[in-house]
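Take the numbering used here: the last position of the sequence shown gets the number 752, and nothing is skipped along the way.
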Amino acid sequence: MTDRLRQIIADAGAEVGPEEIADILWLARVIPSAPAVGTGTARPEHTPESRPAPPLPPRRTPPTDGLLFTAAPPRPDPASVPQPRQPLGTGRRGTPVRVTRARALDEPLAILRALRPLGPRRLPGNRPELDEEATAENGLDHQMLTPAMRPAREPWLDLTLVVDTHRSMLLWHDLVAELCALLARIGLFRTVRMWFLRTSADANVTVSRSPGGPPENLATGHRRGLVLLVSDTVSEAWQLPALRAAVGEWCRHSAVALLNVLPERLWERGGVQPVPRLVRTPLPAAPNSTWNRAVLPVVDASPAALAALATVVSGSGNHHLPALPLDADWSTGEPPAGPRTTADDDGDALRAVRRFEETASPAARELAGYLAAVPLTLPVMNLVRRAMVQRSDHGHLAEVALGGLLEPWDADGRTDPAYLEFAFRPGVRDALLGGQLRREVTAVRELVHREVATYLDELRSTRDFPALRHSPGEDGTHDIALTALPFARTASVDPDGSQPTYRSIAAVLRDAIASGDLVAGDRLPTQAQLAEHFDVSISTIRRALGELEVWGLVDRRRGASAKVVAVGAARETATARSIQVHRNESPLGMAVGTAFEATHITIDAVIADETPLVSALRAQLGRVTERVVRPGSVRVRLLLMGGGTGNRIDDVRQRLAAALPPDAPVSFTVRRAAAQPPLELYLFNDRTALTSYVHFPGGSASELFPQPEDRLQETQSWFESWWTLYEDR
């Protein structure tokens, strides 16, 4: 009998060992058999949880609807370019859509903080402004109110970005574009200019104001400025003296640094190998030739590296920085590991994958498998990296792109990076899909499509890229090639797409509760059943159930389906078709949600009532439990004034500590004071401050509003002084 059971299980496609078979046999003995169908004699015992769940709404769309494909580049002049005749019945049609673009730059806010030493300063010659403190002090000292003036804080540094145009830099187009846009709009610099570096086959180095523009001279030395050369150093030009000579000339007139878009751990794949040097400048933004060492500092795009560079350039101190000597050869003697210029003759896909796996990091290997399921355009590759391998950075994408898996690509300066599609070498895609991740290729593709769609559903960005959404029948306006691969499947319960999918699903389930189909004590279908029914990922279902939990309609426990706990609230709000959840949509709720996106969370608060903060924290418990966010630590300091008890905060602390792994510390410290607070204050991760004024003793606070960034340090000092004042009370 055991052999027959093993054969039945094997035929079903499962793999079990002796222990699993023993468990199956034991369960078969202790679990009672189901009553025979059609006997009609046994009457099941009625319990509240035995009531069957109501039928869910019918499926919205067939699985093939809503697939997203990359769009072909627009033709320059359709009337003048002969169009190839499309054969009838090519199959799929699509409608143009704009898809939210995932962020390529990691930690943009941290980068802003890192560059603060280069920001506005009070320098002689700046426009005068009123010094309020000095004016007040003079009035007290001299019994006469005389305005005191001081130089205003103004940007003092010109920034020039020189972007390498080597074809390998196409991989980092989105990263460079986001970095340049960030530096241009933050207001730290007096001016921000962008130039483009070109190298020719005869080792000639030129710069221009546009990628294909005429060569010009890079103007440096007129005012205090920083030249930031942006490159991956993969170009062969980094091995030649011409580029070193050009950079050396800039270093005689301005402060110059190399921003390597590759993470430091991958610099060995480039054409230069910097060596750590202790560097300092005699004056802010002094030319490199006047530094204690005549070197070109090299940094990556991490906040720590940029902070070190800002410290040196601003003249605030010295620092150890990787650097290249200006008076010695930069060549390493080995060619950089850039994209291949020609395909290998053997075409051995398995050998290429094996070589890649021997040198790649685990995250890069995982990412390569997922990328094999989608078209390889830059926006899609960034989407997949963000959605599927959340612990990854752009360096893992570099490992895949430069790891010998892709065919060579060309860049003529006119290629739109949003449309450029890279290609795996022959056989590599199948090798990655079949051998590395799953037995079934369709399972991997379906997983990627669902998870990317879930990520898109949660992503909010002003940047987007063109795509085609598959239209059933002949409704589409654009052809979709039969060989094209989709990269996501959109799923929206709301036909207008006016709200995220998870909220639409939550509204459907809320209406089912409001209509009486579900009563208190009933359980919803399992997450897997709901995901299959609504044709979405389990992550989307988890977020929908989290909404119901926040609304107070269901209770979720690990290992069990969600249980309906309240019905009246749903009936009252169903007529409005929407619910205003203040603890999620208020400034406090949004600020807490943003704070939980960070790795290390700090919350400091001076408040009279902990209820709003407790509600906002409870809304994040579901995200932590379902691993939507994964904090590495949480530290909360709460100063309760005006007689607050703080009893409810301890429950949140216990639940949060239980949801996080043991190595993630959770610290809640509560201090109390009888005095009424002059204002209520929240500080999140030392970067965001919300305040509201209390109008009279015992009164409620007004609406929260954010503090300006230039008041952040003052607000932090204010909190620390109050926190210290009530330390022993």
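Using N, Cα and C, we set each Cβ at its ideal position, and we do this for glycine too. Nothing here was measured: the structure is a model prediction, and the numbers come from that model.
Check whether ALA511 and HIS472 have beta carbons under 7 Å apart: yes
Please classify LEU111 as buried or exposed, where buried requires at least 16 other C-beta atoms within 10 Å of its C-beta. In this prediction, LEU111 has a pLDDT of 40, which is less than 50 and means its spatial position is unreliable; what the coordinates show is noted afterwards. Classification for LEU111: exposed.
Residues near VAL516 by beta carbon distance below 8 Å, same chain, minus five either side: Any reading at VAL516 must be qualified, since the residue scores a pLDDT of 49, below 50, and its modelled position is unreliable; the value itself is stated next. The answer, listed in chain order, is ARG83, THR524, SER527, ILE528, ALA530, VAL531 and PHE557.
Where do the N-terminal and C-terminal ends of the alpha helix (DSSP H) with LEU132 fall, by residue? 131 to 137
Quick one: Cα of VAL186 to Cα of SER231, how far? 10 Å
In three-state DSSP terms, what is ASP502? strand
Looking only at DSSP bridge pairs, what is PHE488 linked to? VAL122
Rounded to the nearest angstrom, what separates VAL770 and LEU394 at their Cα positions? Because the chain here runs from 24 to 752, residue 770 falls outside it and cannot be looked at.
How about LEU252: is its Cβ closer than 6 Å to a heavy atom in the ligand MN? In terms of ligand content, the structure shown is empty, and the ligand MN therefore cannot be addressed.
Measure the C-alpha to C-alpha separation of GLU130 and LEU202 and round it to an integer number of angstroms. 11 Å
Reference SER254, options ARG246, PRO237 and PRO286, closest by Cα: PRO286
Distance, Cα to Cα, LEU266 vs GLU259? 10 Å
Which residues in the same chain as ASN708 place their Cβ atom closer than 6 Å to its Cβ, once the five residues preceding and following it in sequence are excluded? ALA618, ALA621 and THR625
Can you tell me which of ALA410, GLU703, ARG288 and LEU662 puts its alpha carbon nearest to the alpha carbon of ALA421? ARG288
From VAL295, LEU194, ALA280 and SER744, residue whose alpha carbon lies closest to that of ASN311: ALA280
Quick check on DSSP: helix, strand or coil for ASN405? helix
Between the region 113 to 127 and the region 499 to 507, are three or more C-beta pairs nearer than 8 Å? yes
Is it right to say VAL542 is buried, meaning 16 or more other beta carbons lie within 10 angstroms of its own, or is it exposed? exposed
Residue nearest to LEU249 in terms of C-alpha spacing, selected from GLU239, VAL257, ARG216 and THR229: ARG216
N-terminal and C-terminal residue of the beta strand (DSSP E) that LEU390 is part of: Careful: LEU390 lies outside any beta strand (DSSP E), inside the alpha helix (DSSP H) at 385 to 394.
Beta-carbon separation of PHE742 and ASP578 under 7 Å? no
Is ARG646 buried or exposed, if buried means 16 or more other CB atoms sit within 10 Å of its CB? buried
With DSSP as the reference, please indicate the residues paired to ARG115 in a beta bridge. ILE503
Using CA coordinates, which residue listed in LEU193, ASP181, ARG150 and VAL637 is at the minimum distance from ARG173? ARG150
Backbone secondary structure at PRO101 - three-state DSSP: Confidence is the limiting factor: at PRO101 the pLDDT is only 46, short of 50, which leaves the residue's position unreliable and the question unanswerable from this model.
From LEU713, LEU702, ARG694 and ARG653, pick the residue whose C-alpha is nearest to that of PRO688; which is it? ARG653
Looking at the unbroken beta strand (DSSP E) that takes in TRP261, where does it start and where does it end? It is not in any beta strand (DSSP E) - TRP261 carries neither H nor E in the DSSP assignment.
Would you kindly check if the distance between the Cβ of ALA712 and the Cβ of MET664 is under 7 Å? no
What residues are listed by DSSP as bridge partners for SER494? ARG116
In angstroms with no decimal places, state the Cα-to-Cα distance between PRO635 and GLY142. 36 Å
Counting Cβ pairs closer than 8 Å, one from the region 330 to 348 and one from the region 371 to 381, do we hit at least three? no
Taking the DSSP output, what are the residues bridged to ASN283? SER254
Measure the CB-CB distance between LEU194 and PRO170 and report whether it falls below 7 Å. no
In angstroms, rounded to a whole number, what distance separates the CA positions of SER584 and ALA94? 41 Å
Is GLN109 helix, strand or coil by DSSP? Here GLN109 scores only 45 on pLDDT, less than 50, and its place in the model should not be relied on; the value that follows carries that caveat. Note: GLN109 maps to coil in three-state DSSP.
State whether the region 328 to 340 contacts the region 301 to 318, with contact taken as three or more CB pairs (one from each stretch) at a distance under 8 Å. yes
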